[in-house]
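Working notes for the structure below.
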Amino acid sequence: MLRQKLTNSILRAAIIELAREGYAGLTMEGVTRRAGVGKAALYRRWSGKEDMIIEILLESKLVIIEAPNTGSLEGDVKQYLSEAAKMLRRPLSKKILPDLYSEMTRDTRLGHTIREQVQKPKNKCVIQIVEQAISRKEMAGDANYMLAYDLLAGPLYWHMLINQETADIEFVNRLVRVITTALKVC
């Protein structure tokens with residue numbers, strides 16, 4: 005059985021290397037050096053850097069997976085966006101996520117893996133938010149789920165990761181109103 009303490013130590017070293025070197029510059033050798041372990045310790049846990057990165061994304065809470073159920077579409081959108089903004093304010097998110105999203109366009113295997121293992125759970129969260137809203141008659145039964153996903157995730161991510169702007173409570177509340185209104189007609 006792999007020791008969790010050692011795994012966590014390796015993941016911390018990998019996060020530091022990823023933040024410093026970016027995905028393209030990240031090497032298993034660099035992680036082993038930083039973690040003070042041999043390559044075998046890494047390869048017993050992950051087949052390569054792609055698998056290690058996916059675990060970092062999932063374990064470090066850099067993605068939102070749980071769907072809120074506040075009893076209203078606006079409440080669900082507010083909770084979702086508030087949690088997303090909190091996550092995107094983290095220095096680690098600001099450093100790592102833009103690099104990984106960019107790398108997804110160059111490395112099709114990485115892009116596929118992130119879409120399958122990270123984006124799909126986020127899609128399920130949005131589907132749940134939409135289905136709850138449909139059941140409460142807040143959205144039409146023929147709502148476009150992909151458009152809903154783009155509306156929920158896109159504006160905040162663009163604002164914070166691409167434009168490097170802050171998202172204070174006032175901004176998030178305004179975005180909640182805009183997105184909730186748009187979701188009702190999507």
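At the far end of the sequence shown sits residue 190, using our numbering, and the numbering has no gaps.
Every residue gets a Cβ at the ideal spot worked out from N, C-alpha and C, and that includes glycine.
All of these numbers come straight from a predicted model, not from anything done at the bench.
(request) Give the straight-line distance between the Cα atoms of N127 and P95, rounded to the nearest whole angstrom. (result) Distance between the alpha carbons of N127 and P95 is about 24 Å.
(request) With DSSP as the reference, label D103 as helix, strand or coil. (result) Of the three classes helix, strand and coil, the one that applies to D103 here is helix, per DSSP.
(request) Measure the Cβ-Cβ separation of I131 and Y105 and say whether it is below 9 Å. (result) Not a contact, by the Cβ cut-off of 9 Å.
(request) Give me the Cα-Cα distance between R24 and E142, rounded to the nearest whole angstrom. (result) Cα atoms of R24 and E142: separation of roughly 45 Å, rounded to the nearest angstrom.
(message) Looking at L165: is its Cβ nearer than 9 Å to the Cβ of K98?
(response) Taking 9 Å as the Cβ cut-off, L165 and K98 qualify as a contacting pair.
(message) On the criterion of 16 or more Cβ atoms from any shown chain inside 10 Å, does I14 qualify as buried, or is it exposed?
(response) Taking all protein chains in view, the Cβ of I14 is crowded by 16 or more other Cβ atoms within 10 Å, so the residue is classified as buried.
(message) Quick check on the DSSP output: the alpha helix (DSSP H) that includes D55 runs from which residue to which?
(response) Where D55 is concerned, the enclosing alpha helix (DSSP H) stretches over K53 to E63.
(message) Can you tell me where the alpha helix (DSSP H) holding Q83 begins and where it ends?
(response) That run of the alpha helix (DSSP H) goes L77 to R93.
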